[in-house]
Structure formats: structure tokens, C-alpha cells
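The listed protein sequences derive, respectively, from chains X and Z. Mind the numbering: the first sequence is residues 21 to 554 in our numbering, read in order. Mind the numbering: the second sequence is residues 51 to 249 in our numbering, read in order. Note that CB positions come from ideal geometry on N, CA and C, so glycine has one too.
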Amino acid sequence: MSEVIHADHHDDHDHGPAKGLKRWLFTTNHKDIGTLYLWFSFAMFLVGGVLALVIRAELFQPGLQFVQPEFFNQMTTNHGLIMVFGAIMPAFVGLANWLIPMQVGAPDMALPRMNNLSFWILPFAFGMMISTLFMEGGGPNFGWTFYAPLSTTYAPPSVTYFIFAVHLMGASSIMGSINIIATILNMRAPGMTLMKMPMFVWTWLITAYLLIAVMPVLAGAVTMMLFDIHFNTSFFNAAGGGDPVMFQHIFWFFGHPEVYIMILPAFGIVSHIIPAFARKRLFGYTSMVYAVASIAFLSFIVWAHHMFTVGMPLAGQLFFMYSTMLIAVPTGVKVFNWISTMWRGSMTFETPMLFAIAFVVLFTMGGFSGLMLAITPVDYQYHDTYFVVAHFHYVLVPGALFSIIAAVYFWFPKWTGKMYDETLGKIHFWLSFVGVNVTFFPQHFSGLAGMPRRIPDYPLQFADFNMISSVGAFIFGLSQVFFLYVIIKSIRSGQPAEGRSWEGAKGLEWTLPSPAPYHSFTHPPVVKDEEVLG
Amino acid sequence: MSQQSQQTQITRTVKRLSLIVIGMSAFAFALVPLYDLFCEITGLNGKTGGPYVYEEASVEPDRSRLIKVNFLTNTNEGMPWQFWPGKGAVRVHPGEAKTVSFFVKNTTSKPMVAQAIPSLVPISATEFFHKTECFCFEQQLLQPGEEVEMPMRFIVGRELPKNVGSINLSYALFDITDRVDISTISGSPVEDQLPPVGG
Numbered sequence: 021m022s023e024v025i026h027a028d029h030h031d032d033h034d035h036g037p038a039k040g041l042k043r044w045l046f047t048t049n050h051k052d053i054g055t056l057y058l059w060f061s062f063a064m065f066l067v068g069g070v071l072a073l074v075i076r077a078e079l080f081q082p083g084l085q086f087v088q089p090e091f092f093n094q095m096t097t098n099h100g101l102i103m104v105f106g107a108i109m110p111a112f113v114g115l116a117n118w119l120i121p122m123q124v125g126a127p128d129m130a131l132p133r134m135n136n137l138s139f140w141i142l143p144f145a146f147g148m149m150i151s152t153l154f155m156e157g158g159g160p161n162f163g164w165t166f167y168a169p170l171s172t173t174y175a176p177p178s179v180t181y182f183i184f185a186v187h188l189m190g191a192s193s194i195m196g197s198i199n200i201i202a203t204i205l206n207m208r209a210p211g212m213t214l215m216k217m218p219m220f221v222w223t224w225l226i227t228a229y230l231l232i233a234v235m236p237v238l239a240g241a242v243t244m245m246l247f248d249i250h251f252n253t254s255f256f257n258a259a260g261g262g263d264p265v266m267f268q269h270i271f272w273f274f275g276h277p278e279v280y281i282m283i284l285p286a287f288g289i290v291s292h293i294i295p296a297f298a299r300k301r302l303f304g305y306t307s308m309v310y311a312v313a314s315i316a317f318l319s320f321i322v323w324a325h326h327m328f329t330v331g332m333p334l335a336g337q338l339f340f341m342y343s344t345m346l347i348a349v350p351t352g353v354k355v356f357n358w359i360s361t362m363w364r365g366s367m368t369f370e371t372p373m374l375f376a377i378a379f380v381v382l383f384t385m386g387g388f389s390g391l392m393l394a395i396t397p398v399d400y401q402y403h404d405t406y407f408v409v410a411h412f413h414y415v416l417v418p419g420a421l422f423s424i425i426a427a428v429y430f431w432f433p434k435w436t437g438k439m440y441d442e443t444l445g446k447i448h449f450w451l452s453f454v455g456v457n458v459t460f461f462p463q464h465f466s467g468l469a470g471m472p473r474r475i476p477d478y479p480l481q482f483a484d485f486n487m488i489s490s491v492g493a494f495i496f497g498l499s500q501v502f503f504l505y506v507i508i509k510s511i512r513s514g515q516p517a518e519g520r521s522w523e524g525a526k527g528l529e530w531t532l533p534s535p536a537p538y539h540s541f542t543h544p545p546v547v548k549d550e551e552v553l554g
Numbered sequence: 051m052s053q054q055s056q057q058t059q060i061t062r063t064v065k066r067l068s069l070i071v072i073g074m075s076a077f078a079f080a081l082v083p084l085y086d087l088f089c090e091i092t093g094l095n096g097k098t099g100g101p102y103v104y105e106e107a108s109v110e111p112d113r114s115r116l117i118k119v120n121f122l123t124n125t126n127e128g129m130p131w132q133f134w135p136g137k138g139a140v141r142v143h144p145g146e147a148k149t150v151s152f153f154v155k156n157t158t159s160k161p162m163v164a165q166a167i168p169s170l171v172p173i174s175a176t177e178f179f180h181k182t183e184c185f186c187f188e189q190q191l192l193q194p195g196e197e198v199e200m201p202m203r204f205i206v207g208r209e210l211p212k213n214v215g216s217i218n219l220s221y222a223l224f225d226i227t228d229r230v231d232i233s234t235i236s237g238s239p240v241e242d243q244l245p246p247v248g249g
């Protein structure tokens, strides 16, 4: 903490970063830590992607070709865990680190040392989790939802590593969230009232509250698993008076807010990109803020829609069905606001805008399949089928992931001082857009026809859909390797970028030069309404 | 705003947020008793309640209704005992007490301890199904080859919803030998042991 004061006293010198590896190990700079988070999440994204391709390769044809069912189960489980906790969440935290201090006019995050710690425990958490794949008995194989007793009584011996890995991830998320809230609430430049904050900051503020509310519940769930496995307790063991269904309630009490944790920052990102390329102010700023807050509130009272088939009374099914459908209202407000922002805008279609528009279209499709799943009586048919897989991949891949990619292209010039190659960016977009739809759209059909999820083999009638899906998956996977190439090429040889890299970009970060100096806003900037409100 | 007062404010925010984290951690564990309490009140997870105390003479059976109670038994995975009900089903009037028998046999060559866990459907009947005496309130220690009859006395409450005509009571028998200290269980908990009957 003394570093903040120290930097302030000497702010006429330029304190550049330290040299070498130590810069990254000991850094307390929000930009460095943001970079670390983003590269880490990209590495995890590739690892999780390889696991997904193992799954799709196996499902290319019916029958067992490449892997055994035991290994297949480890692939689905670890793909889910790595993508959720290793790719999407750290990527958003990385964006938060890079952007929030610049967007609110703060010199750094509120707690820079804790920031360093919350990043550096992640590689250990995932190192531990991935190492279980090489252990005797294999890694986690019980699905990313790790329902007990599958994850307790019937789990592989390595489950303890998984439990402690989840503890570490939870600790990292909680520390990161405390840091983000402390920064947003205390370090805004004078004049930036709450209702003048950029949407990305707003969505992250609410997301961070969700995280500190539900991550302890996840930690509690895995701790109970630990006790059941090693200390003879019976939280989830029916013989000792426990109840396996209780695990599902506790898990989804965490799990449903968790899925909004992975989408709310995406809403924020898109709310920056669409106004910038439509050259219009965001339509309905206030309603956007209230919509995000409503979604966050509703996320706490809908969890049992994940478990309609456990045997719930009619009143419970009706409550969870209607409360779930209610979420469509604030979400609809957001979608219509984005469309209204584009309405009669002076639009151009650079890569970030393409990803943002694809986000709006495809996320809405994922939202609609979610509404179908919310209808209790039909959920009995859809439950645990590929329809569910198609649904959540539509909201997570062209939803959360596309928003992250859009953000990387949008703020890339601010971070690196270089413009990416627009042609390559557009190629990346179209490959990703086609790939994602070819992969996941057929899964709606195989799911409606009854293909269960998490199986390594399937009846012949699903062969065509699965083959198309696998082809799409390889297109999508390879196009993300191409993304890596685009990024590295642009860092090395991109054209120099201006401070305000996009004509229509508004916000305090665009008042800084590009690349953003290592220490920015050591003196609070003047907040002008036309800048922060667009 | 001076650096000093900003640091104070950040510290205050962090303290408050830490309280939320601690509170939610406690809440996660509080969910366990809350869940049990919720299920006990509503009967949602089909678990029937503990020993029921009432005065038999004070309740007049409802002769206008006859409820069929089906008994199902099964042993959990890896549990080698035999477990069967004396009768697959009985018909009772609401308010009328009835005693039925279940049988278990330890088919292995070592002493084992078992615990039966009830589950009842429809769940709307759970809170009206009362047991005054049940083997599921205790654990069963059986010597190798031993077979016992276990009584269960129950009464279906007169307030049973009108739309319930039959009740299914299922018992799952779990092997808990590894979870308990056999020496602490004094012999077989069932007093009226019978000579083995054909099963």
C-alpha cells in the first residue's frame, strides 16, 4: 500500500517496469497483472480446447475410436472446469485489471499486492488440477458439476487434489473481487458518480458482489466433500443421514450466479463496443444498470431449474419455472437497448464490432433455448441431453468468449500501442462465426432427438449431426490458433495506434496515449460528461 | 481526496467485504441444517420423521377411507444382505395403528452393521405418515448367517390429503460396518429374535 504513496511522491519520474522474470513474479501493476491474467486464460483456453477436440474426435463417428469411456469422462469434466474457471473467469478478471483503473481514473487497483497473489495462486491451482490427469486412477471424471456421491464415494483417488484446486480458485476469485469492489467504490476520479461509471465497470461491480457471495458456498460444498471422503462425515451420504440431493441444491446455489458471473462482464464489454462503432451514445444507460442488477438478484432464486427432475413438488417447479422466465425481461431490455443503440447509427464493421454483433445475435439464441429449458414439463425431455450442451455453449462461446475476443481487439491498440491487422481480424471472425455455429447448432437437433450428454458413443441416428459438429469444432479450434497468430503478428509489426484508437470510442482510457503508460492517472483526471457518458 | 483518507476507506470496504465472505461461508454450512429442517417441515425429500408419540385411544380411525401402503425394500450397491418385507402391502384406515414386519439376513461370514433409510412417495403424504416404532431408528448388528424379524408400527394421519389413495414406503439398506465401532453396539438391537424362517 505504501507503494501507491511512493509512486505519488515521485510521479514526475517515469517508473518503468522491472526487467526480466521478476517483473512478472513480483509485479503489483494492474496492467502487468491484467496481461498475466489474459495470457494465462488464453493458455487455459487452448488446453481446454484440446480436451474439447479429443471429445469431438471421439464423437466424430459412433463407436469407440480413440479413447476409452473412463478417459472420455475425464475429458468432459476437465474441459468444463478448465474453460469455466481457467479461461472465461480469469480472462474477465484480466480485462477488469487492465480496464477498471483506467476507466474510473485511478492510478492502480486498490490492493496491488493482493492482486499479485490472486493471480499467482491460479497457475498452482490449475497445475494441481491438470496433474491429476496423469495420476493413477485418472483425474476428475464426474462432470464439471461434480455431483455427490459420484464425486465422493465413487470418485478417483485424485479427487482431493481437485478439491484443493477449487479452494485455490475460489480464494483467487474472492481476493480479485474484493480488490475490484474496493477500487470501484473508493478510487473513482472526482466527479465520476456511480451513475456516470462506464458499463464495464458497473457490470464488474455487480459481478464481483456475486463472486464474493457464491464462491464461499462453492468452497463450502467442496469442503463438505472433503469431509465425507476423508473424515467419515455424511453430508451427502444417505446411510449416515445425509442427502445427495442437498449437494445439488448447494452446488446450484453457487452455480447459477456463477453462470451470470461469466456473462455480466460480457454485457459490459458489448455496451462499450456497440456505441463506439455505431457512433451513438449507449441507448438506455440507466435501464442497463438496473437490468444488470435485476439479473444478479434473480440469479439467486432460480437455481433449482437445473434439477427439475430430482422430484420436486409442483409448487417448487412452478416457482423456479416462472422466476427463471422472469430473467428474460431484464435480458430483453439489454438486447433491445443494444439494438436501439445501433438503430440509425453511423455504423462501421471492424472486427470488435463484428464480434459484438455476433454476440448479440447468438447470445440471444442461447437465451431462447434457455427459455425452452425453463419450461418444466419439456425440461424432462431436454434434461441432460445435447440440447442443454447446445444451450450453454451458445451463451458461453459466442456469448462470453466472443465478448472477450471483441474486447481484446477493441482495447488491443490501447494495451500495445499497435493496431491489429484488420483483414486477419475479419478472417478470424468469420472462421470463428462459422465454426461455432457448425459446431453447436446441430447439437440442438441431436439433443431434441434424445442424445444424452457426456457419452463417448451414441446410436447411429445421431451420426450425421455429430460428424457436422466435430468438423465445426476443428474449424473453430484451429481458428483460435489463428487468433494467437494474429495477436503475435500485430504485437510485433502492427501499425502504431493513436490515443483514441477508434473514432467513436468514449471513456477515460481513450484520453491516455497508446500504449497506455505504465503508470496512468497518478493525478485524477477531469471527468467530462461527454467523455464518460459517450 | 487525500491518500490517507482513501486508504482508510479502502480498508473499511475490505473489512465489510470480508464480513460478507465469512458470512457466506457460514451460510454454506448453515444450509445443511436448514435443508434438513426444510425437508422435515415439508416432507419434500420423502424422509419420514422420527419416533411419533401419541395416545392410541385418542384417535378415532377414519373408517370411510382405506389407504394402501406398499412396502419396497432394496439393498444399496455392495450390500450383500437379504432384506424383504413380511407383506408387500397392507390396507389401513387413516388413524389406525398397524404393525408390520421386515426381515433381514446377514448372508456373509462376518458380523456387519446396517442402517435402513426410508423414502416415501407421494411426498405430499410424508408428513402424515407417522412411525411409533421402526427398525430404521436404530442400526442393525447381525452375526454371520443371522436372520431377524424387525417390526415397524405406523399410523397414517387422518389429515392425509384426500387425493392420496396409496403410499409407497421404500427402505434402502446400507452397509455401515466401516463407519461404526461394532463394540459400541450391544448385540442385536431387536429384542424378539426369532428362529430363522424360510426366506
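H292(X) versus E278(X) - alpha carbon distance: 23 Å
Residues in the stretch 139-154 of chain Z having any Cβ partner in chain X nearer than 7 Å: none
Where the alpha helix (DSSP H) through W134(Z) begins and ends: Careful: W134(Z) lies outside any alpha helix (DSSP H), inside the beta strand (DSSP E) at 132-135.
- prompt: Can you give the Cα-Cα distance for A119(Z) and T344(X), rounded to whole angstroms?
  reply: First, the residue type needs correcting, since residue 119(Z) is Val and not Ala in the sequence shown. Between V119(Z) and T344(X), the C-alpha separation is close to 37 Å.
message: I want to see whether chain X comes within less than 8 Å of I173(Z), judged by CB atoms only; does it?
response: yes
- prompt: For Y267(Z), which of helix, strand or coil comes out of DSSP?
  reply: This structure cannot speak to residue 267(Z), because chain Z is shown only from 51 to 249.
query: In its own chain, which residues sit with a C-beta less than 8 Å from the C-beta of S360(X), not counting the 5 before and 5 after it?
result: If you ignore the 5 residues before and after S360(X), its C-beta comes within less than 8 Å of the C-beta of F303, G304, all in its own chain and listed in chain order.
- prompt: Does the distance from the CB of Y221(Z) to the CB of I173(Z) come in under 8 Å?
  reply: Taking 8 Å as the Cβ cut-off, Y221(Z) and I173(Z) do not qualify as a contacting pair.
H539(X) to D128(X) span [Cα, whole Å]: 8 Å
- prompt: Within the chosen definition, does the stretch 453-472 of chain X reach the stretch 489-506 of chain X through at least 3 CB pairs nearer than 8 Å?
  reply: yes
message: For A80(Z), count the other beta carbons within 10 Å of its own beta carbon; 16 or more makes it buried, fewer makes it exposed. Which is it?
response: Exposed: under 16 other Cβ atoms inside 10 Å.
query: Are three or more beta carbon pairs between the stretch 104-112 of chain X and the stretch 151-161 of chain X nearer than 8 Å?
result: no
Counterpart residues of M202(Z) in DSSP-defined beta bridges: V150(Z)
- request: Assign D477(X) to one of two classes, buried (16 or more other C-beta atoms within 10 Å of its C-beta) or exposed (fewer than that).
  value: Of the other Cβ atoms in all chains shown, fewer than 16 fall within 10 Å of the Cβ of D477(X); this residue is therefore exposed.
query: Is the stretch 215-233 of chain X touching the stretch 118-127 of chain X in the sense that three or more CB pairs, one from each, lie closer than 8 Å?
result: Contact between the stretch 118-127 of chain X and the stretch 215-233 of chain X is present, because at least three Cβ pairs lie under 8 Å.
DSSP state of N126(Z) mapped onto helix, strand, coil: coil
field: In DSSP terms, what R76(X) is bridged to
entry: R76(X) pairs with nothing; no bridge assigned.
- prompt: Is Q54(Z) helix, strand or coil when you go by DSSP?
  reply: Helix.
task: Use the C-beta contact count for E197(Z): other C-beta atoms within 10 angstroms, 16 or more gives buried, fewer gives exposed.
output: By the neighbour-count criterion, in which a residue is buried when 16 or more other Cβ atoms sit within 10 angstroms of its Cβ, E197(Z) is buried.
task: Look up N120(Z) in the DSSP assignment and say whether it is helix, strand or coil.
output: In the three-state DSSP reduction, N120(Z) falls in the strand class (E or B).
task: Take the Cβ of R208(X) as the centre, count every other Cβ of all protein chains shown within 10 Å, and call the residue buried at 16 or more, exposed below.
output: buried
query: Is the number of C-beta pairs between the stretch 311-320 of chain X and the stretch 142-158 of chain X that are closer than 8 Å three or more?
result: Counting C-beta pairs closer than 8 Å gives fewer than three between the stretch 311-320 of chain X and the stretch 142-158 of chain X, which falls short of the contact rule.
query: I think A483(X) touches Q81(X), with their Cβ atoms under 8 Å apart; what is that distance to the nearest whole Å?
result: 7 Å
- request: Would you mind reading off the limits of the beta strand (DSSP E) that contains Q165(Z)?
  value: 162-171
message: Once the 5 residues before and after T573(X) are set aside, which same chain residues still bring their CB inside 8 Å of it?
response: A question about residue 573(X) goes unanswered here, because the residues of chain X that appear run from 21 up to 554.
- prompt: Would a check of beta-carbon distances place L81(Z) closer than 8 Å to chain X?
  reply: yes
Amino acids of chain Z, ordered along the chain, whose beta-carbon sits closer than 8 Å to that of I232(X): L67, I70, V71, M74
- request: Would you mind reading off the limits of the alpha helix (DSSP H) that contains A517(X)?
  value: Premise fails: A517(X) is in no alpha helix (DSSP H) and is neither H nor E.
query: Mapping DSSP to helix, strand and coil, what is Y103(Z)?
result: Checking the sequence, you will find Val at residue 103(Z) rather than Tyr. Reduced to three states, the DSSP call for V103(Z) is coil.
- request: Starting from K434(X), follow the alpha helix (DSSP H) in both directions and report where the run begins and ends.
  value: Its alpha helix (DSSP H) spans residues 422-436.
task: Determine, using beta-carbon pairs with one atom in the stretch 408-428 of chain X and one in the stretch 383-399 of chain X, whether at least three such pairs fall under 8 Å.
output: yes
query: Of the residues Y440(X), L480(X), F449(X), which one's Cα is nearest the Cα of W522(X)?
result: Y440(X)
query: Under 8 Å between C-beta atoms, does R229(Z) make it to chain X?
result: yes
task: Determine the direct distance from the alpha carbon of G497(X) to that of V415(X), and round the result to whole angstroms.
output: 17 Å
- request: Please compile the residues from chain Z whose C-beta is within a distance smaller than 9 Å of the C-beta of L205(X).
  value: Q59, I60, T63
query: Looking only at C-alpha atoms, which of E529(X), G527(X), L444(X), L480(X) sits nearest to L504(X)?
result: Out of E529(X), G527(X), L444(X), L480(X), L444(X) has the C-alpha closest to the C-alpha of L504(X).
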